[in-house]
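Take a look at the structure below.
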Amino acid sequence: MLLPYLTLPYRSSFRTTISAVLPSLARRVSRRTYTMATQGFKQAPHKLLVIPGPIEVSDEVLYANAHPSMSHVSPEFVPVFGDCIRMTRDVVFSAEGQPFLISGSGTLGWDQVAANLIEPGEDVLVLHSGYFGDSFADW
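Be aware that the sequence shown starts at 3, since it is given in my numbering, and climbs by one per residue.
This is how it looks when you write it as structure tokens:
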């Protein structure tokens, strides 16, 4: 499962970080998992990745992603998805809007937007300044 991209205290404990991000997931984290996480899980040294994506993540987020994925049709996923919807509304300052969470790349999101808002043959203005904007303009 992927966690939302949030700025969290880098040196916080795993349980505190997870509680702040996904309360429904925090209830599933066992005491053993918490102990393992606080015993010094650290990423291997690596070059700093400074590109639009993927992004650099903290040790806590990397550790959380090391757990088995949860099925999107399992009953346990429902509260996690609800937390994601709630947090997305907080990020975009929309208490009642319906965010669409897409399981895919940003390019997939742009494709969905274009397919639903643009009719074949319509003129569109695409502001672009790089690879992804250029490829979207070609679409």
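Cβ atoms here follow ideal geometry from the backbone N, Cα and C, with glycine treated the same way.
Buried or exposed: which applies to residue i, given that a residue is buried once 16 or more other Cβ atoms fall within 10 Å of its Cβ?
i     : result
Glu62 : buried
Thr66 : Looking at the sequence itself, residue 66 is Ala, so the reference to Thr does not match. It is buried - the Cβ of Ala66 has at least 16 other Cβ atoms within 10 Å.
Val94 : exposed
At what residues does the alpha helix (DSSP H) containing residue i begin and finish?
i      : result
Ala66  : Asp61 to Asn67
Met89  : Phe79 to Val93
Ser137 : Tyr133 to Asp140
Gln45  : Per DSSP, Gln45 belongs to no alpha helix (DSSP H) and is neither H nor E.
Asp113 : Gly108 to Leu119
I need the straight-line Cα distance from residue i to residue j, nearest angstrom please.
i      : j      : result
His74  : Val80  : 8 Å
Ser96  : Gly108 : 21 Å
Asp92  : Ala139 : 31 Å
Gly135 : Gln100 : 26 Å
Skipping 5 residues on each side, what residues in its chain have a beta carbon closer than 8 Å to that of residue i?
i      : result
Ile120 : Val126
Ile104 : Leu110, Gly111 and Gln114
At a cut-off of 6 Å, is residue i close to the ligand NAD when judged by its beta-carbon and the heavy atoms of the ligand?
i      : result
Ala116 : In the structure on display, the ligand NAD does not appear, and there are no ligands present to speak of.
For residue i, collect the residues of the same chain with a Cβ closer than 7 Å to its Cβ; drop the 5 residues on either side in sequence, then sort them by chain order.
i     : result
Lys44 : Asp61
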